[in-house]
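In full-length UniProt numbering, the protein residues as written are 1 to 213. Ideal placement from N, C-alpha and C gives every residue a C-beta, glycine not left out. Bear in mind the structure is a predicted one, so any value in this text is a computation, not a measurement. Read the structure below first, then the notes.
Okay, here's the thing in structure tokens:
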């Protein structure tokens, strides 16, 4: 089908070119003028045949050139389409390559992140295990301290059980001594009266000198 269409198209183009091409028109006019001259001035048959053959050869050469030109245009168009397809394919390959590189980079980043998370999880588990061990150790130490404290308290109770009354009496005496009020100072006039009475007793008097008589 394509060959038939191409042949029909080429035939139409050739016929149109024969009708409109100036070169073909000039050749036709020249051939017609030559034929008219030959009719007016008859030439030998060999010369007329040679002129006709030359005109036919020129016509076929022009047709061949037209075919070659059309074929070159068609080949050029095919080459351009092939180059466009090749460029599109190359761009597609580059896009696929970039997508693969991006996917590889993303995969590497995910691997690094997974390694970091795994390391952090292992450190956290180790820390939790250490804390658990420390808590167990502290619990054991607290239990031992509680046992020692209970043993010490029971030992102290057994040791102070015999000395409890003496310590209680001692504590009572200390309490009474602490509760005893301090001694008050003697008044000054009492000391003066005592000294006057002593002097009167020594002198044989019965009343003090400052008393009312």
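Looking at the backbone, the Cα of residue 28 and that of residue 56 are separated by about 11 Å. Minimum Cα-Cα distance from residue 65 among the listed residues 117, 23, 124 corresponds to 23.
Restricting attention to beta strand (DSSP E) runs no shorter than 3 residues, the stretch 93-150 encloses none. The residue from 132, 117, 14, 144 with its alpha-carbon nearest to that of residue 60 is 14. Our two residues, residue 118 and residue 126, have alpha carbons roughly 12 Å apart in a direct line. Of the candidates 25, 54, 33, 70, 70 places its Cα closest to the Cα of residue 11.
Between the alpha carbons of residue 97 and residue 77 lies a gap of roughly 30 Å. Across the structure, residue 105 and residue 123 are spaced so that their CA atoms are roughly 27 Å apart.
Within the model, the alpha-carbon separation for residue 160 versus residue 149 is close to 16 Å. Relative to the Cα of residue 7, the nearest Cα in the group 94, 26, 67 belongs to 67. Residue 33 and residue 58 have their alpha carbons spaced roughly 17 Å apart.
As the crow flies, the alpha-carbon of residue 84 is around 16 Å from that of residue 73. Taking the Cα of residue 50 as reference, the smallest distance to any Cα among 132, 31, 113 is reached at 31.
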